[in-house]
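Residue numbers (our numbering), protein chains in the order written: chain A, 5 to 453; chain B, 113 to 459; chain C, 725 to 995; chain D, 95 to 314.
Glycine included, every Cβ here is placed at the ideal spot set by N, Cα and C.
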Amino acid sequence: MKTRRAMFRSKGGVHPASRKRATNAMPVEFMPLSKVLFVSMVQHMGAPARPVVKKGDAVMRGQVLGEAGGYVSAPVHAPTSGKVIAISERPTQAGLPAACVEIEPDGEDRWDAARQPGPDWKTMEAKALVERIVAAGIVGMGGAGFPTHVKLSPPAGKTIDTLIINGAECEPYLTADQRLMVEAAQSIWTGVQIVRQILGARRLVMAIEDNKPDAIQAMSAAMEGTDAELVVLKTEYPQGAEKQLIYAVTGREVPSGGLPMAVGALVENVGTCAAIYDAIVEGRPLTERIVTVTGAMVRTPKNLRARIGTPLADLVAFCGGMVGLPGKIICGGPMMGLAQGSLEAAVTKTTSGVVLLPHQAVQQFSSMPCISCGRCVSACPMRLMPNTLGEMIEAEDNEGAEGLNVMDCIECGSCAYECPAHRPLVQHMRQAKAEITKQRLKKATAAKG
Amino acid sequence: MNEPVEKTLPIAAKEPTWLASSSPHAHSGDSVRKIMLTVIIALMPALAAAGIFFGWDALRLTGVCIVSCVAAEAATRKLMRRDKGIGDLSAVVTGLLLAFNLPPALPSWMAVVGSIVAIVIAKQFYGGLGYNPFNPALIGRVLLLISFPVAMTTWGPWQILSPAAGVDAITTATPLGLVKTTLGTGQPLPFVFDGDTILQFFMGAKNGCIGEVSVLALLIGGMYLLWRRCISWQVPVFYIGTVAVFATILWLADPTHNYNPLFHILTGGLVLGAFFMATDMVTTPVTKTGLMFFGIGCGVLTMVIRKWGGYPEGVSFAILIMNAFTPLLNRMTRPRVFGHGQKKKQA
Amino acid sequence: MPFDIIDPTIIMGGVGLSCGILLGVAARFLTVTVNPRIEALTALLPGVNCGACGLPGCSEYARALIMHGAKVNLCKPGGPKTMRQIAVFLGVEPVTMERQVALVLCGGDDKTAIRKFCYNGIADCAAAALVGGGDKACGYGCLGLGSCARICPTEAIEITHARLAVIHPELCIGCGQCVKACPKKIIQLVPESRTIHVLCRSKDRGNVVKKNCSIGCIGCTLCTKAAGNAIKMEGALAVVDYTQPLENEEAITKCPQHTIIKRSGRKEVPA
Amino acid sequence: MRFYKELIKGLWTENPIFRLVLGMCPALAITTSVMNAIGMGLAATFVLICSNIAIAAVHNIVPSKVRIPCYIVIIATFVTVVDLLMNAYLHELHKSLGIFIPLIVVNCIILGRAEAFASKNGVWLSIADGIGMGIGFTLSLIVVSAIREILGNATLLGYAVGHYQVALLMVLPPGGFLTLGCLLALMNHIQAGMARRSGHAYVPPPTLDCRHCAICKWGE
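So this is what it looks like as structure tokens:
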């Protein structure tokens, strides 16, 4: 194993205060079972899962509640044993209603008997491994929730020579991945090797930001004596974004609109690797994840190992409740997370944290006209011109925005973070992207019909 | 009629306890007001220098300009029913910069006229802060210069430029003006530009607009701005650098009719312009490359006007002309978007 | 002296004559034939170019009528009057057509419906709907940020001070732009003559609706009994079936939530 | 009655400069002194009346396809007449107006009235229209030039009006733009206020439509 600094530095990026100190030394605690678990069928990118249980069914932990709704989709499993009390429509973290299986735990937490640890993974075919990953419902746990098996099945002719394991965790406040690396370095490492075996990647890179020395130490101990590289990244947001990470490690730019495999690279989050270990070696589907509950309004911030479906309110209550009324509740980190209207939503496979910000830390912008300071242009890791795009979209010129590559925006929020006029630049981009996607779909169906 | 007055919603004071908005939920904490405050602080050394060299006149003009700029801004905003007030401090900055571009003996009412022109015509008529294509303070100055050419070229009391040229001839001229008029009559260069003069010019003992004389004070302010990341280094470096290169070429070609490049850097409004006027965020390009070209363009135009133009000083005109090129520079220097154009990709 | 005038006169006359001949030739050989009937028919149309007919503007509709035999009842702003004129012009049988006006099927404003959080962002419904589904506690309610009002060609939509979109039927031309613009899909085109409407689109169960909004439909079904066939239940929501006649105003008084209102052609009268 | 209506509309409601925003070229270029403005205004008025009469008289016999060339010829004829007359009897004024007298041929107001009014109405009403528009044009030019002459030259009609510091800028080209722009804004403001008071919706001239400009909130 060799350790080195990242050789490439992508342009742009910002340096928000990391605020990880509240939880980065807190060992992960087990979150007790809630009274009711709300397991959403929309926990990943792609088609929603289809519920396959009925009201009143008794389920075991690890039993399939919803099967994959398509190729780009993933099944959802029961987080514990108990009874299905309802199949309802509940708002997701994004606020849009989606099907949801409500489970009342029986407290025994019995595993589904059908789940058995598999044979030694080293002897298994790549195809069989991917099948087990599909069955375990594993999706990218960094935040986007892209079904992992899709990534692991490159089309024929595409070779992936570089596998990058993402331990950057550049979002402020969140420490879930960091704690996982410290506490479960060995299982992450086993998961990584499984992925490598599936892909046959020549080069294996573990990328961690330099503000996590404990994680770097733990991972290098686990990786000792192998040919993998450990790349220490300079702390910068959004270093952990897929395209930026690939650039920082290999110097290759993923082409616009393309997937990382276009440049022969693949990025897996450390959490995903740990889940792959669980699925292949332990035979457990994905039913829990580590969630950082933090922010100034949480009494005792903690890293929790919580079941999928645990209501956010229970997580906060387990951390001693709120100190006062928060100014903002965020699912995920403060740069890309989703603001919540309530604590009703539940943990999903992609919930990396719950952040409760106090009123004084919340930017209550009343935006001003752009003063062309150019900070967003310098900050944009995709090298877009957010100022021009924002003004275009405000004038409802979506076509012009498309011409200036608004679709390449990764919504990292660096522009709006820097903007002294407090312009809602990311919201503008989102609006335009949603509108353009709609138009493109329309055009595609028109062309077909 | 039904259109919401605001482009974005302000916070409702009452009811729901917490807020939701699109990400990001963190902010650098910088604001337009803070940037303007930084610029004001950075201008303080130059104001102090102006006070030392021109005394009461400097303070009078500065006060008049700031007060009338702020008043004009408040009045126009109210009249135009625009909601946001003068809290962003941009009017104060405009007032300060305008005052710094006026000669010390200018009557106060002319300063008021200039302030009103700067705020009302150059700024609010275009839509207010952020929409003005030209630097308001410079528009104010240029309008005054065109309207009242005599008052705007009547300078202060300094008599140090050259004992040889006769006191009367130089009391009412800036070094640049003196050079232009002297060379225009076919005479040789009017004074010797050597160590002592350089030091005096650097410290500020010369005729000129109240804020532009002390290069030292301006440099202190400029360094502060650079340190606070309020301006990027491209503009001042390329602006002054271009002037230096241009002046060196002229000087090497014909040393009998041109001073050495330091003369061009230390006289006129170059340093004030390069650090405070050509770096105005609103009217300059947003990309670093754009700023570089902006600086070079300003430098070339300044020297062209100084050498061959009708006016002895060209900083104001150069910056205003380059302001007009800002949208073009923004267009031309768009960065290559990540993942685009490395290899020609099929659509 | 007089001869000085004659020369230029001849020259100018000659130039004028030759130009005239040129123009005449051009008019004869380069002329673009326009079907005069299309022009005449365009003149009959209201000329608001709203696109409600599905064609990009009135002249295109006129062209479609004559060249492709488009239906005569597509012009919504013109209503029955224009339809009859077109029918007479084209010599075809007029069809029955009633003018349609848009209606916002939500009555929950700031006084009656609660908001779950303070929304801070772009004042546009589509943008707000992307942030946690909008700030109304009711996921189906009007966000009141005026995306419909901005797109309305006749400024018929008013956003009340309590942030609710209200359509003035007397100004509405029924073009349907607002129906497309609303991210919550709560604007519907209804026949102008109808006066009784259920102002709610919430599919939530009654207890949820009650928590979120004091005038939402709770699915008590009292109105369906009063209105016969004209009001039907769709899950927990009462929906007016505009194909069935409904004159009986009993439903309005029966509704415990005051969700059902009477809106005349001219103005809205709360029950 | 109709005659009177057509006569006065050019003074305010359809003032060619401030409401229709036509004829900007002379309004900016020659308004450095009131004398110029009067000369220009009267010359244009003469052409306007004559061309309106001629066009109203012949519009029925001119084929619509070649009407514009015909109007141009008619207008050019009268402009030539004015040009020669002024050169003969008001030589100084002619010299100071320079190229702008021949340029009346392409003045939008004259062609605009020919196309919009004279070609659709009778001779009698067209006379009223021509007089009204012409006087409206002249008065507007006088207003603009008076402001510019007083501020920029301290004179009015060539007579000194006081001793004060003049702003040279006002008699230079930018002064024309500034004055005209401010006056247009003022007119828009007055119109909007009048409309509001009388309870009507304010419909600004198409070139000055406030509704799509967010600079001030007057359009709302």
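For Y253/D, the residue or residues it bridges with in DSSP: According to the DSSP secondary-structure assignment, Y253/D is paired through a beta bridge with L250/D.
Continuous alpha helix (DSSP H) assignments of at least 4 residues falling wholly in the stretch 928-963 of chain C: 930-936, 946-951
Where V56/A sits in the DSSP three-state scheme: coil
Separation of K318/B from D306/B, as counted between CA atoms: If you draw a straight line from the Cα of D306/B to the Cα of K318/B, it is about 14 Å long.
Outcome for M145/A when other beta-carbon atoms lying within 10 angstroms are tallied against a minimum of 16: buried
Sequence-distant residues of the same chain with beta carbon closer than 7 Å to K978/C, five excluded per side: L946, C947, A950
Boundaries (first-last residue) of the beta strand (DSSP E) holding R309/A: 306-311
N-terminal and C-terminal residue of the alpha helix (DSSP H) that A283/A is part of: First-last for A283/A: undefined, no H or E at that position.
CB-CB length for T354/B against I310/B, believed under 8 Å: The pair is not a contact, with the Cβ atoms about 20 Å apart (cut-off 8 Å).
Cutoff 8 Å: I375/A Cβ touching any chain B Cβ: yes
Nearest-angstrom beta carbon gap, L191/D and G133/D [assumed within contact, 8 Å]: 6 Å
is_contact[M736/C, chain A] using C-beta, thresh 8 Å: no
Minimum Cβ-Cβ distance from L301/B to chain D less than 8 Å: no
For K24/A, the three-state DSSP class (helix, strand or coil): coil
For T194/A and V454/A, believed in contact at Cβ under 8 Å, the rounded distance: Any property of residue 454/A remains undetermined from this structure, which presents chain A solely from 5 to 453.
Limits of the beta strand (DSSP E) - the one that C335/A falls within: Going by DSSP, C335/A is part of the beta strand (DSSP E) stretching over 332-335.
Residues from the stretch 737-767 of chain C in contact with chain D, defined by Cβ distance under 8 Å: G740, C743, G744, L747, A751
Whole-Å CB distance - G16/A paired with A269/A, under 8 Å assumed: Contact flag wrong, Cβ pair sits at about 20 Å.
Ordered list of beta strand (DSSP E) runs contained in the stretch 758-830 of chain C, each at least 3 residues: 824-828
Secondary structure of R448/B, DSSP reduced to three states: coil
Distance CB(S871/C)-CB(A905/C) smaller than 8 Å: yes
Residues of the stretch 147-162 of chain D with Cβ closer than 7 Å to any Cβ of chain C, in chain order: K159, V160
Near the ligand FMN: V224/B beta-carbon under 7 Å from a heavy atom: This structure simply doesn't include the ligand FMN, nor any ligand for that matter.
Local conformation of N114/B per DSSP, three classes: Only weak support is given to the placement of N114/B: the predicted model assigns it a pLDDT of 35, under 50, and the value that follows is read from those uncertain coordinates. If DSSP states are grouped into helix, strand and coil, N114/B belongs with coil.
The stretch 103-117 of chain A / the stretch 167-185 of chain A touching (three or more Cβ pairs under 8 Å): no
Reference A249/B; option with closest CA among P215/B, C177/B, D142/B, A329/B: C177/B
Contact between the stretch 381-398 of chain B and the stretch 337-348 of chain B (3+ Cβ pairs under 8 Å): yes
Closer than 8 Å at the beta carbon, the chain A residues around R448/B: R387
Test: F1002/C CB closer than 8 Å to a CB of chain B: Here chain C covers residues 725 to 995 and nothing more, so residue 1002/C does not appear.
Neighbour flag for L854/C against chain A, beta carbons, 8 Å: yes
3-residue-minimum beta strand (DSSP E) runs that sit fully inside the stretch 74-145 of chain A, ordered along the chain: 86-95, 101-109
Option nearest P151/A by Cα separation, candidates E406/A, L361/A, G299/A, I280/A: Nearest of E406/A, L361/A, G299/A, I280/A to P151/A, Cα basis: I280/A.
Residues within the stretch 233-263 of chain B neighbouring chain A, beta-carbon criterion of under 9 Å: Here the close residues are G239, G240, L241, G242, Y243.
Counted within 10 angstroms of its Cβ, other Cβ atoms place H185/D as buried (16 or more) or exposed: exposed
Sequence-distant residues of its chain with Cβ nearer than 8 Å to T836/C (five each side left out): C937, S938, I939
Own chain partners of V18/A with C-beta closer than 7 Å, once the 5 adjacent residues on each side are dropped: Y241, A383, S418, Y421, E422
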